[in-house]
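Heads up, the thing below is written out as C-alpha cells.
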Amino acid sequence: MNTLYVPSTAKVAFVSGANGISGHAIVEQLIRKPKTEWRKIVISSRRALPNYWIDPRIEFVAVDFLDEKEKVAAKLEHVCRDVTHAFYTSYIHTDDFQKLKEMNVPLFRNFIDVVDAVCPSLERVCLQTGGKHYGAHLGPVRVPLTEDIPRYDDEGFNFYYPQEDYLFEVQKRRGTWSHNIIRPNGIVGFTPHSNGMSEALTVALYFLINRELGGDGMFPGNKYFYDCIDDMSYAPSIADMSIWAVTQDHCKDEAFNHTNGDVIVWRYFWPQLGKYFGLNVADPKFEKTKERANTLDNEIDMYEWAKDKKPVWEAIVKKYGGKAEAIEWGTWGFFMWATGKSWLTIGTTAKARKFGWGRIDDTYESWIETFRSLENAGIIPRITDIPASKLWHVRVSLVRNGESGTLLRWCRTWTLHPAPHAILYEESMAPSPRSPLVAASTPSRMWTSLVCQLLILSGARATRTSIPRACDEPSAANIACVARYDSVMNYPFSSLAGGESTTTTTNSSSDLSSPAVQNASFIVFDARGREILGAAPSLEHIFTTTPGLIQEAPVYVPELNAIIFSTFSPDVFPQSIIYLNGTQPRLSTFYADPPVWGVNGGRYRDGKIYWAVAGSGEAQSPNKTVGQAPGIYTLDPITKKSSVLLNNYFGVQFNSPDDLVIDDNGDIFFTDPWYGWAMGFAPTPALHPSTWRFRPSTGAVSVVDNTVDQPNGIGMAPDGAKLYITDTGNNIINASVTGIVYNSTNTHCVWAFDVNSSPAGSWCGNRRPLWCTEAVGHDGFHVAGNGYLVGAAGTGVDVISEWGELLLRIQTDFTVNNVQFAGPQLDELWLFGMGSISRVQWNLTGMPYARS
C-alpha cells in the first residue's frame, strides 16, 4: 500500500471472533473508517467466513484459540506482526456456568498470550465482557451498575474475573501496551451465523411462527419484568465505543459500561416489536408469575415451546424464504433469562460520557435495524412487506447487442463497502411489474430491482491508471492530485461497456491502476479543488443505515441545528433527524403529522421545509392509513405539522416529483421524472418527464422544460441567473425489461439554463450541457455559496465549477444518493446513501437556504 497516501502511523486492527455479533460489528465499523486511520484489519474466527467484506484491508485467518499456542502463533505470526490494536470478542456459549468458565478462560488466556508474543507493535488490547461482571445474571444487584462496584463472591463461576486478571498480569509483565474493557448490557445486533446470544433472531422466530400459527405473540417472560425498565446495547454502538476507547490516550487502562442511552418498558416495547411482524399483541394474562420473587421464572417455557416448531418454520421458509437452519439458531434459554428476571439490571454510561463518549441510540430502531439485516441476509423472510404468495427474489433483465437474456442477482447484502458482492441466485420471476405495456404486479420487486441497480453501480468506479503526484504537503494523506485530468492513460485502460446493461462493468488494467488514487478520500483535479479542502479535510462515517435502503431529502434546519431526512421506500417510514448540537451528532426518529411517505427531495425556506414527494396511493403507517398523491408538501419542523401544497396538474397526477429549488420570489421549480413508477411508488405515468414551476401565491403551474430525459436534481445559481438540472437518462425505464437498465450512451449530464423573468414567473432558455458525469448521473444536487456545483454521483460526490470544470471528487465506499450543507456556518457537507451517513469537513460553504 502506497505509504505516501497511507502513512505508517495508520493503525492495524486484529479482531477475534469476527463471526459473532460484536466482532462482526467492529469489523463493519473499522471498514467505514478512512484508510489513513486503519490501514489493515486482520480478522479471525474458528470457522471460515464467506466473503462478507471485500475491503482490501481485510486479512482473514481461521484459527481456534483453544488449539495449542504454538499452532495458533504460527498461523498469526505472518499477518499480525504490525498489529497495533487487538479486539477480543470471542465467546463460547452454554447455559452451564461451570462450562462457560472452563471454555472461555483458556480461550482468552491463549489469545492474550499469542497476541502478546506475535504482535511486537501492540499498543492496546480491548476485552469485551458484560453485565455478568456485576452478577446481574444471578440475582438482585445494586443499580445503576457502575464500573467501580466491587467484585461479588462468584464462587469461582464468573469467567470474566480470571479473564481480566490474566489480562492485567500479561500487561504488567510486558509493560509496552495498555488495555480497555467494555461491558455492554443485553446486546442487540446482527450476525449472519448462529450465535449463543442472538436475542433479536430469537424474537423474530417467535413472532413469525406465532403469526403463521395464528397466535398473538404473547410476552413470554414474567409479570414483574414486563413492567420494569430495561436497557440494552446495540452492537454497532458497542463497536463505536470500543474503537473510540482504544484510540484515546486518556482512556488507557479504563473499563467502560455500554448502553444505548435510553430505557424501555417491555409492556410498551414488546407490542411495538410485534407490530413489525404484523401481530397485534395483547396484554398477557399472567398466571405462573403473578408474584414477584428473586428468581428466574417465565410464563412460557421457551425450550418447550420451540421443541415442535421446526416443521412450522420450515413451512414458513418454503413459502416466504429464509434459512431453514435458523430455527436451530434460536437462543431460547438465553432469552428466557433475559425476560424472566425479577430484578433490575440497569447500567450507566456516565463514566464514558465524562471521558468524551457521546453516542446515543434509539433501542427500538436498533431492534428494527437488526430485523432488517436478518431479512437482507436471507435468514428470515420479510412477511410484512410482501404478499403471502410471493417469494422475495429479484430478477434483473439484461439486454445487450439486441439479444435478450437474464442476469439474476440476489440483492441480500450484509455490508455496503462497496456493495457488488451480492450473491448470484437463480429463481424464476413474473413479467415486468409496473410497465405501461405489461399488467401491474407487486411494486416491491421493482423497488428491489432499483436497489440492485444502485448497489451494482456503487462498485462501478473506473480504475485510474495514471500516476498521481503528491498534494503539496506530506500531511495530506487522504488526498490524491491527478494531473491534466488523466487526459493520457496507459493503454489498455478501463472503459464502460457500451449499449444497454444492468451493470457498468469495466475492462480494467489492474496492473496499471494507482492504489494511491483508489484509496484516497479526495481526488483533486484543479488547484481550486485543493483550496476547497483546506488544511485538514476529513471524510468521516457517522451513522450506519439499514443496508439496501436509500436515504433522501436531507434538509438542514437552522433553528434546530439539525438535519431532517427521509428513507425513500414504498413503505411508510417516519422521517429521521440528526441533531448537531453537542460533541457527537445524535440520530433520532421524526414523526410528521400527518405522515408523508416517498419523500425524495427537500429545501428549507423561512421556517418551513418544502418536500418533493413521489409516493402515491394508500399505505399503512404505524397508526393510520395514509393516502396521498405525488406533489409538493410542506413541513413545519417545530410543530411537525405537514400539509399538501400541490398534488395535480389540472386533475392529472404528477409522475413522482424528485427534487426542488425555490427562487427569490417564492416560486418552486421541481423535477418530475418517472422513477416513482419504476420503483412502485406511483401508477403508470400520465405526464412527460418535465421540470415545472409552481407559484404558491397564485396556485399556477407551468412547465419550464420537457427536453431533459429524466430530470433529477435541481439547483439555482446564487444570483438566480442560472438554473441547473441533472439528467439521469442513462437509467432507462424500459417497458420491455424488468428494472431500470443502464445505458452509458444515454445522457448523464448536468444541463444549464438561463433564467429569464416575466410577469407570470421566471422561464428557462438557452439550454446547454455543462458537465457529463463519469458513470452515474447526479442524484442529490446543491449549489455552494460561491456558485460551485456539488452532485451525488454513485460512489462519491463531484464538485464542479460554474463553468463545468471538475475541480474535486470525494470518493466513498457506499452509494451516495444525496448531500446537504449543514452546521451554523454551512461548512459541513453531509452525505446520505445506502448503508452510511457520512460527513465532510472542508472549506466550501453552502448557500442559505432554499436556492442551494
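So that you can map any letter, position 229 of the sequence shown is 229 in UniProt numbering, and since no number is skipped, the others follow by simple counting.
Beta carbons: idealized from backbone N, C-alpha and C, even for Gly.
Supposed contact pair residue j and residue i - C-beta distance, whole angstroms, cut 8 Å
{"i": "Pro630", "j": "Ser616", "result": "5 Å"}
{"i": "Val263", "j": "Ile229", "result": "5 Å"}
{"i": "Arg839", "j": "Glu540", "result": "5 Å"}
{"i": "Ser758", "j": "Pro547", "result": "About 48 Å; that fails the 8 Å criterion."}
{"i": "Phe207", "j": "Leu279", "result": "6 Å"}
{"i": "Ser836", "j": "Arg32", "result": "6 Å"}
{"i": "Asp216", "j": "Ala282", "result": "5 Å"}
{"i": "Val816", "j": "Leu831", "result": "5 Å"}
{"i": "Leu789", "j": "Val755", "result": "Actually they do not touch by this definition, with Cβ atoms about 15 Å apart."}
{"i": "Ser194", "j": "Glu314", "result": "Going by Cβ atoms, the distance from Ser194 to Glu314 rounds to 17 Å, so no, they are not a contact pair."}
{"i": "Gly131", "j": "Arg183", "result": "7 Å"}
{"i": "Phe654", "j": "Arg693", "result": "Contact flag wrong, Cβ pair sits at about 13 Å."}
Span of the beta strand (DSSP E), counted from its first residue to its last, around residue i
{"i": "Asn818", "result": "Leu806 to Ala822"}
{"i": "Ser16", "result": "Lys11 to Ser16"}
{"i": "Ala352", "result": "Premise fails: Ala352 lies in the alpha helix (DSSP H), Ala350 to Lys354, not in any beta strand (DSSP E)."}
{"i": "Glu828", "result": "Glu828 to Gly833"}
{"i": "His85", "result": "His85 to Tyr88"}
{"i": "Gly796", "result": "Gly794 to Ile800"}
Three-way DSSP call (helix, strand, coil) for residue i in this model
{"i": "His24", "result": "helix"}
{"i": "Ser233", "result": "strand"}
{"i": "Trp842", "result": "coil"}
{"i": "Ser538", "result": "strand"}
{"i": "Glu68", "result": "coil"}
{"i": "Ile550", "result": "strand"}
{"i": "Ala73", "result": "helix"}
{"i": "Tyr224", "result": "helix"}
{"i": "Ala562", "result": "strand"}
{"i": "Ala324", "result": "coil"}
{"i": "Gly529", "result": "helix"}
{"i": "Leu344", "result": "coil"}
{"i": "Leu408", "result": "Reliability fails at Leu408, whose pLDDT of 26 lies under 50, so the model's placement of it is uncertain and the value that follows must be treated cautiously. In the structure shown, Leu408 sits in coil (DSSP, three-state: anything other than H, G, I, E or B)."}
{"i": "Gln628", "result": "strand"}
{"i": "Phe207", "result": "helix"}
{"i": "Trp53", "result": "coil"}
{"i": "His78", "result": "helix"}
{"i": "Glu199", "result": "helix"}
{"i": "Ile238", "result": "helix"}
{"i": "Pro311", "result": "helix"}
{"i": "Asp727", "result": "strand"}
{"i": "Ile316", "result": "helix"}
{"i": "Trp447", "result": "Residue placement at Trp447 is flagged as unreliable, the pLDDT there being 40, under the threshold of 50; the coordinate-derived value follows with that caveat. Correct three-state label for Trp447: helix."}
{"i": "Val517", "result": "helix"}
{"i": "Val613", "result": "strand"}
{"i": "Val246", "result": "helix"}
{"i": "Ala462", "result": "Residue confidence for Ala462 is low, a pLDDT of 40 falling below 50, so the modelled location carries little weight; the figure read from the coordinates is stated next. Note: Ala462 maps to coil in three-state DSSP."}
Residues sharing a beta bridge with residue i, DSSP
{"i": "Ile58", "result": "Ile41"}
{"i": "Trp357", "result": "Trp357 is not bridged to any residue."}
{"i": "Phe219", "result": "Bridge partners of Phe219: none, in fact."}
{"i": "Val524", "result": "Cys481 and Leu808"}
{"i": "Ser836", "result": "Thr544"}
{"i": "Lys722", "result": "Asp754"}
{"i": "Glu618", "result": "Gly627"}
{"i": "Ile92", "result": "DSSP output for Ile92 lists no bridge partner at all."}
Residue-level contact to chain B via CB, residue i, 8 Å cutoff
{"i": "Ile638", "result": "Considering every chain present, this structure includes no chain B. It has just one protein chain."}
Heavy atom of the ligand SAM within 7 Å of residue i beta-carbon
{"i": "Cys126", "result": "For the structure depicted, the ligand SAM is absent and the ligand set is empty, with no information on it obtainable."}
Start and end residues, alpha helix (DSSP H) containing residue i
{"i": "Trp332", "result": "Trp332 to Gly340"}
{"i": "Arg372", "result": "Thr363 to Asn376"}
{"i": "Trp305", "result": "Met302 to Ala306"}
- Taking only runs that begin and end inside the segment 250-291, name each unbroken beta strand (DSSP E) of 3 or more residues, in chain order. Those beta strand (DSSP E) runs which fall completely within the segment 250-291 and span 3+ residues are 254-258.
TODO: Would you mind listing the beta strand (DSSP E) stretches within the segment 567-610 that are 3+ residues and don't spill past its ends, in chain order?
DONE: You should have 575-579, 586-590 and 599-605.
Just to confirm the assignment: which complete alpha helix (DSSP H) runs, minimum length 4, are found wholly within the segment 635-716? Entirely contained in the segment 635-716, the alpha helix (DSSP H) runs reaching 4 residues are, in chain order, 675-678.
Q.
Quick check for students: name the residue ranges of the alpha helix (DSSP H) that lie wholly in the segment 109-183, counting only runs of 4 or more.
A. The segment 109-183 contains these whole alpha helix (DSSP H) runs: 160-174.
- Query: For the segment 755-789, which segments carrying the beta strand (DSSP E) assignment without a break, of at least 3 residues, lie completely within its bounds, in sequence order?
  - Reply: DSSP runs (the beta strand (DSSP E)) wholly in the segment 755-789: 763-772 and 781-783.
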